[in-house]
Amino acid sequence: MITAAGHETLHIINKSPSDILLYQNCFNSLLAGDAVIFIESAVYAAIDDNFRSVLDLAANDIPFFALQNDLLARGLNNHLNLRFKAIEDNYFVELCCLYKKSVSWF
Amino acid sequence: MIFSILLYASNSSQQSEQTALRFSRSLLQQGHSIHRVFFYGDSVNNTSGLKVTPRDEINITEQWLDLVTEHQVDIVVCIAAAVRRGIIDQKEAQRHSKTAASLAPGFTLSGLGQLADAILHSDRLITFGN
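Residue numbers (my numbering), protein chains in the order written: chain A, 55 to 160; chain B, 74 to 203.
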């Protein structure tokens with residue numbers, strides 16, 4: 055069970071990691087208490103070690119989530135990088151409630 | 074919680090409107106509510122009643138309208154974004170001397186004030202764009 059303390063901004067990113075500038079801008083803006091959810095083509099960032107250099111821009115204690123439906127649609131559900139937690143749509147809604155604000159990067 | 078949804082999605086070949094719909098359905102299912110869905114920028118193209126969706130593709134316009142029918146969700150289309158793209162209701166068609174209206178019945182044209190109102194009256198505003 056997660057509590058509401060210290061959950062600041064949920065960053066929602068939907069572009070594939072080939073859009074490196076978007077990722078740099080997003081990760082450079084992360085503060086303590088923030089989290090990132092990878093949706094749509096951004097779930098490509100969640101596979102294995104392919105994009106480690108990009109992901110390393112985010113501090114280690116920033117939670118990473120990836121939408122399960124988008125992973126499944128791309129056949130990536132068995133290749134998830136250990137840093138990511140795959141979540142269902144209802145948990146995406148829960149995260150939006152839990153975090154005080156959201157920023158969408160696209 | 075009370076949510077509002079802001080759509081920026083630029084065209085129907087992208088996924089973000091479908092994500093927004095999935096998200097909206099999921100939050101309603103969990104007992105939350107939607108104060109307003111606001112169509113802004115290029116997303117207004119999906120509120121045209123003159124578009125024909127190929128039969129093997131998802132008709133996103135119809136799905137938004139289903140949400141309106143099922144859950145009485147208030148859907149507002151930015152009037153400035155719409156009029157410049159040829160998405161006009163009967164009133165705007167008359168005002169601008171156009172031969173026909175194109176906004177699908179069920180959607181409402183209004184101004185950015187409705188977005189400000191949505192932000193004021195919602196606990197969360199979630200943006201979907203591409």
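A virtual CB, placed ideally from N, CA and C, is assigned to each residue, including glycine.
I'd like to confirm the pairing. Which residues does DSSP put opposite Arg157 (chain B) in its beta bridges? For the purposes of this step, residue 157 (chain B) is identified with residue 84 of the second sequence, where counting begins at 1. Bridge partners of Arg157 (chain B): none, in fact.
Let me know the secondary structure DSSP gives Leu185 (chain B) once reduced to three states. If you number the second sequence from 1, residue 185 (chain B) lands on position 112. Coil at Leu185 (chain B), not helix or strand.
Arg95 (chain B) and Ser156 (chain A) closer than 8 Å at C-beta: Position 22 of the second sequence, counted from the first residue, corresponds to residue 95 (chain B). Position 102 of the first sequence, counted from the first residue, corresponds to residue 156 (chain A). Taking C-beta atoms as the reference points, Arg95 (chain B) and Ser156 (chain A) fail to come closer than 8 Å.
Buried or exposed for Lys164 (chain B), please, with buried defined as at least 16 other CB atoms from any protein chain shown within 10 angstroms of its CB. Counting from 1 along the second sequence, the entry for residue 164 (chain B) is found at position 91. With fewer than 16 Cβ atoms within 10 Å of its Cβ, Lys164 (chain B) is classed as exposed.
Contacts around Asp115 (chain B), its chain only, beta-carbon distance under 6 Å, and the 5 residues preceding and following it disregarded: To locate residue 115 (chain B), count along the second sequence from 1; it is residue 42. Taken in chain order, the residues that qualify are Ser83.
Which word fits Val125 (chain B), buried or exposed, when buried means at least 16 other C-beta atoms lie within 10 angstroms of its C-beta? In the second sequence, counting from the first residue as 1, residue 125 (chain B) sits at position 52. Label assigned to Val125 (chain B): exposed.
Run the CB neighbour count on Asn118 (chain B), radius 10 Å, all protein chains shown included, and call it buried at 16 or more, exposed below. Taking the first residue of the second sequence as position 1, residue 118 (chain B) is located at position 45. With 16 or more Cβ atoms within 10 Å of its Cβ, Asn118 (chain B) is classed as buried.
Partners in chain B for Asn68 (chain A), counting only beta-carbon separations shorter than 7 Å: As a first step, residue 68 (chain A) is located in the first sequence; it is residue number 14 there, counting from the start. Chain B residues near Asn68 (chain A): Ser89, Asn203.
Report the option in A:Asn144, A:His65, A:Ala127 whose CA atom is closest to the CA atom of Gln103 (chain B). To locate residue 103 (chain B), count along the second sequence from 1; it is residue 30. It is A:Asn144 whose Cα lies nearest to the Cα of Gln103 (chain B).
Exposed or buried, what is Thr57 (chain A) when buried is set at 16 or more other beta-carbons lying within 10 Å of its beta-carbon? In the first sequence, residue 57 (chain A) corresponds to position 3, counting from 1. In this prediction, Thr57 (chain A) has a pLDDT of 48, which is less than 50 and means its spatial position is unreliable; what the coordinates show is noted afterwards. By the neighbour-count rule (16 or more Cβ atoms within 10 Å), Thr57 (chain A) is not buried but exposed.
Backbone CA spacing between His108 (chain B) and Ala177 (chain B) [nearest angstrom]: Within the second sequence, the letter at position 35 stands for residue 108 (chain B). Within the second sequence, the letter at position 104 stands for residue 177 (chain B). Taking the straight line joining both Cα atoms gives about 20 Å.
So that I know if they touch, is there some Cβ in chain A lying closer than 8 Å to that of Ile192 (chain B)? Within the second sequence, the letter at position 119 stands for residue 192 (chain B). False, the Cβ-Cβ gap to chain A never drops below 8 Å.
Give the DSSP-derived three-state secondary structure of Ser83 (chain B) in the structure shown. What you label residue 83 (chain B) is simply residue 10 of the second sequence in a count that begins at 1. Note: Ser83 (chain B) maps to coil in three-state DSSP.
List, in chain order, every chain B residue whose beta-carbon is nearer than 8 Å to that of Cys200 (chain A). Nothing in the structure corresponds to residue 200 (chain A), since chain A is present only between 55 and 160.
Assign Pro127 (chain B) to one of two classes, buried (16 or more other C-beta atoms within 10 Å of its C-beta) or exposed (fewer than that). Sequence index remark: in the second sequence, residue 127 (chain B) carries index 54 (1-based). The residue is exposed, with fewer than 16 neighbouring Cβ atoms inside 10 Å.
Which of helix, strand or coil DSSP assigns to Leu193 (chain B): If you number the second sequence from 1, residue 193 (chain B) lands on position 120. In the three-state reduction of the DSSP assignment, Leu193 (chain B) falls in the helix class.
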